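Trainee: Quick note on numbering that gives the first Met the number 0: the sequence shown kicks off at 0 and runs consecutively.
Pasting in a structure now, in structure tokens, and then I'll have a few things to ask.
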Amino acid sequence: MHVSMAPAGTTPSRTEPADDVVNHFYYPPDDFEADRGEGVYLYGKDGRRYLDASSGTFNLTLGYSHPEVVETIREQAGELIHVTSKFQSKPVNALVAALSQVAPAGLTRVHLKSSSGSDANEAAIKIAQHHTGNPDVISLFRGHLGQTMAMINASGAAFRRAPFPAQLPGVVHVPDPYCVRCFYRQQRETCGLLCVERVNDFIDYASSGRVAAVILEPISGNGGNVVPPDGYLQALRELCDERGILLVFDEIQTGFGRTGHMFASDTFGVSPDILTFGKGLGGSGMPIAGLLTAEHLTGLEGHHINSTFGANVLASSVAVKTLEIIRRPGFLENVRAVGAHIMDRLGELAARHAFIGDVRGRGLMIGMEVNDADGHPDPGFTNHLAARGMDHGLLLRTSLYGFGNVLKVRPPLIMTMEEADELCDRLDRLFADAL
Ligand SMILES: Cc1ncc(COP(=O)(O)O)c(C=O)c1O
């Protein structure tokens, strides 16, 4: 390892940047260095402009450094950045009020004292366990619920669990509604939602018989942008009601307009008992997360689910501004219109580029499969396309959790039709050049 040398007789400064700084990262970052961002574009130190088709980490609802977010931060930072979350503050109160106005039916309580989406999901499971007295959790194959020790096991991919010898017990993973690659080899028209019916078997034969919650993303994001078939979430809701199990929606990716409605719960017309959120509420990247719960689920003491960075005053002020912008007339209509336009154009691309398979999504939560000549998932080529995207001025991400063959198209929700066309034109050129 390189050690920076100080002149003889002086002490090396602790703040002096090492010229090989990447060797000091716990694991090496990408070679790309970001400089600044504006709207849907990120500018690199390389002097180039990239259209970000992944909204950062699917969290830049309002794009990079939205001017109203920047202004809000400036104003709020001068007033109050943080206060212990046991006290009230204007931004946090305003956020709780705004969230309770937009919450899906029946979700009347807001908990903001989470430090991340993973943390919010853990709080949801704690609430479910506390309320039901039951230990087990049902989650879906390919689901991504976070990276804490408990959430890597609640998530539905073995590769996340593999390095760790100890995990959260009591999680039962069940097949997800991935209709184009159905686990049960069914056709949607005739399946009768077998994947929901079979959850009963998993409860009866694979769990302890005492299940606290079913937790899932309404659209499985990292799992391959898997959109559930009509009636799936309704059927799961009924199953949970019949069996006395709480239904938890992880809306950390789908929340705050991503699917063309405030929440995916609204898109699909199903309310969970608990809804977790994070990512997009931060507008241009402020860290904020939490959960909404039904009235009767209160009762857990704060010290069981609070975090120092939770209910952060500065982040809450930005979240209030973000919600205000999302609720403006035309905002969600634009998400639906631009999303539908991109879906149409991707459908045309799929007709011209044989390796593009199923294109699916809602609003601006879109994914497209990349397959080999036999129609099998082609993760190698998918990764190649995502990497080559940079040459075409595009930032693209792929599905890690699924078969690794889904290119995700989840741009900032402020995207215009012109920018959507630019995105699709760039994809077209990428696909034409990539073979
Ligand atoms: C659906 C979903 N749930 C949970 C998480 C975890 O959120 P965080 O990274 O804020 O802990 C993520 C993050 O990627 C996510 O996409």
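Cβ coordinates follow ideal geometry from the N, Cα and C atoms, glycine included.
None of the values given here were measured: they were computed from a predicted structure.
(1) Among Ile214, Ala310, Met414 and Ala386, which has the Cα closest to the Cα of phenylalanine 31?
(2) Only counting the same chain, and skipping five residues up and downstream in sequence, which positions put a Cβ closer than 6 Å to that of aspartate 371?
(3) May I ask which residues mark the beginning and end of the beta strand (DSSP E) holding methionine 414?
(4) Would the beta-carbon of isoleucine 365 be found less than 8 Å away from any heavy atom of ligand 1?
(5) Would you report the Cα separation of alanine 157 and arginine 197, rounded to the nearest angstrom?
(6) Hey, is glutamine 185 close to ligand 1, as in C-beta under 8 Å from one of its heavy atoms?
(7) Three Cβ pairs or more, each shorter than 8 Å: is that satisfied between the region 173–191 and the region 99–115?
(8) Got a sec: does ligand 1 put a non-hydrogen atom nearer than 8 Å to the Cβ of leucine 274?
(9) Looking at valine 195: is its Cβ nearer than 9 Å to the Cβ of alanine 165?
(10) From alanine 336 to histidine 65, what does the alpha carbon distance come to, in whole angstroms?
(11) Using 10 angstroms around the beta-carbon of valine 2, count the other beta-carbons present and answer buried if the total reaches 16, otherwise exposed.
(12) Could you tell me which residues DSSP puts in a beta bridge with glycine 38?
(13) In the DSSP assignment, find the beta strand (DSSP E) that holds lysine 89 and state where it starts and stops.
(14) Among Asp432, Lys278 and Glu323, which has the Cα closest to the Cα of serine 113?
(15) Just to confirm, does isoleucine 244 get its C-beta within under 8 Å of one of the non-hydrogen atoms of ligand 1?
(16) Which same chain residues, not among the five before or five after alanine 7, have their C-beta less than 8 Å away from its C-beta?
(17) By Cβ distance below 7 Å, which residues in the same chain neighbour valine 171 in space, the five residues on each side in sequence not counted?
(18) Please say whether phenylalanine 140 and glycine 155 have beta carbons closer to each other than 9 Å?
(19) Tell me the start and end of each unbroken beta strand (DSSP E) in the region 254–328 that is at least 3 residues and wholly inside, in chain order.
(20) Can you tell me the Cα-Cα spacing of proline 162 and methionine 148, whole angstroms?
(21) In three-state DSSP terms, what is arginine 359?
(22) Given that a residue counts as buried once 16 or more other Cβ atoms are within 10 Å of its Cβ, and exposed if not, what is leucine 79?
(23) Going by the CB atoms, is the gap between aspartate 357 and methionine 364 shorter than 9 Å?
(24) Can you tell me whether lysine 85 is buried or exposed, with buried defined as 16 or more other CB within 10 angstroms of its CB?
(25) Considering only the beta carbon of each residue, do arginine 409 and glutamine 252 sit closer than 9 Å?
(26) Buried or exposed, going by whether 16 or more other CB atoms sit within 10 Å of the CB of asparagine 199?
(27) Suppose you measure from the CA of leucine 384 to the CA of isoleucine 355; what does that come to, to the nearest Å?
(28) Does ligand 1 have even one heavy atom less than 8 Å from the beta-carbon of histidine 110?
(29) Can you list, in chain order, the residues of its chain with a C-beta nearer than 7 Å to that of valine 334? Leave out the 5 residues immediately preceding and following it.
(30) Looking only at its chain, what residues have a beta carbon closer than 6 Å to the beta carbon of phenylalanine 380, apart from the 5 residues adjacent to it on each side?
(31) Between the Cα of valine 39 and the Cα atoms of Pro27, Thr131, Leu59 and Asp45, which residue gives the shortest distance?
(32) Quick one: is the Cβ of glutamate 216 within less than 8 Å of any heavy atom of ligand 2?
(33) Restricting to Cα atoms, I'd like to know which of Ile244, Asn404, His110 and Glu216 is closest to leucine 299.
(34) Any heavy atom of ligand 1 closer than 8 Å to the CB of isoleucine 251?
(35) When you compare only the Cα positions, how much space is there between glutamine 146 and alanine 119?
Mentor: Reading from the atomic positions:
(1) Translated into the one-based positions of the sequence shown, residue 31 becomes position 32. It is Ala386.
(2) Looking up residue 371 in the sequence shown gives position 372. For aspartate 371, where only same-chain residues beyond five positions count, the Cβ hits under 6 Å are Asp377.
(3) Here residue 414 is taken as the residue at index 415 of the sequence shown, counted from 1. Where methionine 414 is concerned, there is no enclosing beta strand (DSSP E), given that its DSSP letter is neither H nor E.
(4) For the purposes of this step, residue 365 is taken as residue 366 along the sequence shown, with counting starting at 1. Checking the Cβ of isoleucine 365 against ligand 1 gives no.
(5) For the purposes of this step, residue 157 is identified with residue 158 of the sequence shown, where counting begins at 1. For the purposes of this step, residue 197 is identified with residue 198 of the sequence shown, where counting begins at 1. In a straight line, the C-alpha of alanine 157 is about 21 Å away from that of arginine 197.
(6) Against the sequence shown, residue 185 aligns to sequence position 186. Checking every heavy atom of ligand 1 against the Cβ of glutamine 185, none is found closer than 8 Å.
(7) no
(8) Residue numbering aside, residue 274 sits at position 275 when the sequence shown is read from its first letter. No, since every heavy atom of ligand 1 falls outside the 8 Å radius drawn around the Cβ of leucine 274.
(9) Numbered from its first residue, the sequence shown carries residue 195 at position 196. Numbered from its first residue, the sequence shown carries residue 165 at position 166. Their beta carbons are not under 9 Å apart, which means valine 195 does not touch alanine 165 by this criterion.
(10) The residue labelled residue 336 in the question sits at position 337 within the sequence shown. The residue labelled residue 65 in the question sits at position 66 within the sequence shown. Going by the C-alpha atoms only, they are around 21 Å apart.
(11) On the sequence shown, position 3 is the one that residue 2 refers to. Its pLDDT being 36, under 50, valine 2 is placed unreliably by the model, and nothing is read from it.
(12) Reading the sequence shown from its first residue, position 39 is the one you call residue 38. For glycine 38, which the question treats as bridged, DSSP gives the partners Tyr63.
(13) By one-based count along the sequence shown, residue 89 stands at place 90. Not the beta strand (DSSP E): lysine 89 falls in the alpha helix (DSSP H), residues 89–101.
(14) Locating residue 113 in the sequence shown gives position 114, counting from the first residue. The candidate whose alpha carbon is nearest that of serine 113 is Lys278.
(15) Counting from 1 along the sequence shown, the entry for residue 244 is found at position 245. The answer is no for isoleucine 244.
(16) Start at 1 with the first residue of the sequence shown, and residue 7 comes out as number 8. For alanine 7, the pLDDT reaches just 45, beneath the cut-off of 50, and the residue's location in the model is therefore unreliable, although a value from the coordinates is still provided. Nothing meets the Cβ criterion.
(17) Taking the first residue of the sequence shown as position 1, residue 171 is located at position 172. Excluding sequence neighbours, valine 171 sits near Asp135, Ile137, Phe201, Ala205 and Ser206.
(18) The residue you call residue 155 lines up with position 156 of the sequence shown. The residue you call residue 140 lines up with position 141 of the sequence shown. Their beta carbons are under 9 Å apart, which means glycine 155 touches phenylalanine 140 by this criterion.
(19) 273–276 and 288–293
(20) On the sequence shown, residue 162 is found 163 positions in, with the first residue counted as 1. On the sequence shown, residue 148 is found 149 positions in, with the first residue counted as 1. Approximately 11 Å, taken between the alpha carbons.
(21) For the purposes of this step, residue 359 is identified with residue 360 of the sequence shown, where counting begins at 1. Residue state, collapsed to three classes: strand.
(22) Within the sequence shown, the letter at position 80 stands for residue 79. Exposed, since its Cβ has fewer than 16 Cβ neighbours within 10 Å.
(23) As a working note, residue 364 is residue 365 in the sequence shown. As a working note, residue 357 is residue 358 in the sequence shown. No, the pair does not count as a contact, with Cβ atoms beyond the cut-off.
(24) Sequence index remark: in the sequence shown, residue 85 carries index 86 (1-based). Exposed: under 16 other Cβ atoms inside 10 Å.
(25) Counting from 1 along the sequence shown, the entry for residue 409 is found at position 410. Counting from 1 along the sequence shown, the entry for residue 252 is found at position 253. Yes, Cβ-Cβ distance for arginine 409 and glutamine 252 is below 9 Å.
(26) Looking up residue 199 in the sequence shown gives position 200. When all chains shown are included, asparagine 199 counts as exposed.
(27) For this step, residue 384 is matched to residue 385 along the sequence shown. For this step, residue 355 is matched to residue 356 along the sequence shown. Near 11 Å, if we compare the C-alpha coordinates of isoleucine 355 and leucine 384.
(28) As a position in the sequence shown, residue 110 is number 111, starting the count at 1. For ligand 1, not one heavy atom lies less than 8 Å from the Cβ of histidine 110.
(29) Counting from 1 along the sequence shown, the entry for residue 334 is found at position 335. Gly256, Gly259, Gly362, Leu363 and Leu412.
(30) What you label residue 380 is simply residue 381 of the sequence shown in a count that begins at 1. Counting only Cβ-Cβ distances below 6 Å, and skipping sequence neighbours, we find Val369.
(31) Position 40 of the sequence shown, counting from 1, holds the residue named residue 39. For valine 39, the nearest C-alpha among the options comes from Leu59.
(32) No copy of ligand 2 appears in this structure; the ligands present are ligand 1.
(33) As a position in the sequence shown, residue 299 is number 300, starting the count at 1. Minimum Cα distance to leucine 299 is reached at His110.
(34) As a position in the sequence shown, residue 251 is number 252, starting the count at 1. Yes.
(35) Here residue 146 corresponds to residue number 147 of the sequence shown, with the count starting at 1. Here residue 119 corresponds to residue number 120 of the sequence shown, with the count starting at 1. Using only the alpha carbons, I get a separation of about 12 Å.
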